[in-house]
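Reviewing the structure listed below.
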Amino acid sequence: MAIDFGTSYTVAAGMVDGGAAEVIEVNGERRIPSVILVEGPGRIVVGRVADDLSGTNPQAVLRAPKSRLGDQAPAVVSGHPYQVVDLVAALLSQVYQDGIRYFGVAPREVRLTHPATWNRPRLLRLVEAAAKAGIANPVLVPEPVAAALAYWSRGDLPEGGHVAVYDLGGGTF
Numbered sequence: 525m526a527i528d529f530g531t532s533y534t535v536a537a538g539m540v541d542g543g544a545a546e547v548i549e550v551n552g553e554r555r556i557p558s559v560i561l562v563e564g565p566g567r568i569v570v571g572r573v574a575d576d577l578s579g580t581n582p583q584a585v586l587r588a589p590k591s592r593l594g595d596q597a598p599a600v601v602s603g604h605p606y607q608v609v610d611l612v613a614a615l616l617s618q619v620y621q622d623g624i625r626y627f628g629v630a631p632r633e634v635r636l637t638h639p640a641t642w643n644r645p646r647l648l649r650l651v652e653a654a655a656k657a658g659i660a661n662p663v664l665v666p667e668p669v670a671a672a673l674a675y676w677s678r679g680d681l682p683e684g685g686h687v688a689v690y691d692l693g694g695g696t697f
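Just add 524 to wherever you are in the sequence shown, counting from 1, and you've got this note's numbering.
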């Protein structure tokens, strides 16, 4: 399974026994907004539902949590401090659990994308969030590398050919 935890949206895909990659539906969608809403103690809502509820409860929402993942200071949501890594873990957990439901089995490996410019502390926070989400030992892949590998794997690239990737994400270039 691969999870592209994006600034604006999060997408996951997987494959069974070397077959074609399939995008995993999370809460019935092929991509979910990277939005987290805290309804109360222990009640965290993510994705489309969080985005839909955000209009009536804007102080309870954290948008673009990826951009806050390296922060040492907690995020104040609904007037209470929360460690961003815990909120990101809730989002990753939803995606991971829906992937398990989709394929009927836990994946042997989970690849998690990240901006190529992230430093070690940010990468460690991503790994910590993954662990809290139940994802053990994720393989970290820089986003542009993941994109280049996706093009290469389609077989359209002639031998000796080149691929240029411009990552025009929601939060980074």
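For each residue, glycine too, the CB sits at the ideal point set by N, CA and C. From a predicted model like this one, the values you see are computed outputs, not experimental measurements.
Determine the closest residue to residue i out of the options, with distance taken between C-alpha atoms.
| i | options | result |
| --- | --- | --- |
| V569 | V601, A672 and Y690 | V601 |
| R554 | I560, V573 and Y533 | Y533 |
| G658 | D541, S591, L616 and Q583 | L616 |
| A654 | G566, T641, S578 and Q621 | Q621 |
| V651 | R625, D576, A613 and A544 | A613 |
| N661 | G564, E633, G566 and V629 | E633 |
| Y626 | F529, R572, K590 and E546 | E546 |
| L561 | V550, S578, N551 and G552 | S578 |
| G628 | A544, D691, I556 and M539 | M539 |
| R572 | Y690, W676 and V535 | V535 |
| I548 | R567, K590, P582 and G623 | G623 |
| P557 | G685, A544 and K590 | K590 |
| A544 | A672, G552 and G679 | G679 |
| P582 | G603, R592 and R567 | G603 |
Taking the continuous beta strand (DSSP E) assigned at residue i, which residues delimit it?
| i | result |
| --- | --- |
| A536 | Y533 to G538 |
| E563 | V559 to G564 |
| R567 | R567 to V570 |
For residue i, list the residues DSSP reports as bridge partners.
| i | result |
| --- | --- |
| A526 | A537 and R635 |
| H605 | The question names His, but residue 605 in the sequence shown is Pro. Answer is V600, bridged to P605. |
| L664 | L636 |
| V585 | L561 |
| E546 | G538 |
| E553 | V550 |
Is the Cβ-Cβ distance between residue i and residue j less than 8 Å?
| i | j | result |
| --- | --- | --- |
| P639 | E667 | yes |
| L586 | L611 | yes |
| P631 | M525 | yes |
| G594 | R646 | yes |
| A537 | E563 | no |
| V550 | A574 | no |
| V689 | L681 | no |
| A597 | T531 | no |
| R635 | V669 | no |
| M665 | I527 | Going by the sequence as given, residue 665 is Val instead of Met. No, Cβ-Cβ distance for V665 and I527 is not below 8 Å. |
Assuming residue i and residue j make a contact with CB atoms under 8 Å, what is their CB distance in whole Å?
| i | j | result |
| --- | --- | --- |
| A599 | V608 | 5 Å |
| F529 | T637 | 7 Å |
| W671 | D691 | One point to set straight first is that residue 671 is Ala, not Trp, in the sequence displayed. Going by Cβ atoms, the distance from A671 to D691 rounds to 7 Å, so yes, they are a contact pair. |
Which residue marks the beginning of the alpha helix (DSSP H) containing residue i, and which one marks its end?
| i | result |
| --- | --- |
| R646 | R644 to K656 |
State yes or no: is the C-beta of residue i nearer than 7 Å to some heavy atom of the ligand ADP?
| i | result |
| --- | --- |
| T534 | Inclusion of the ligand ADP in the displayed structure is not the case, the ligand content being empty and no account of it being possible. |
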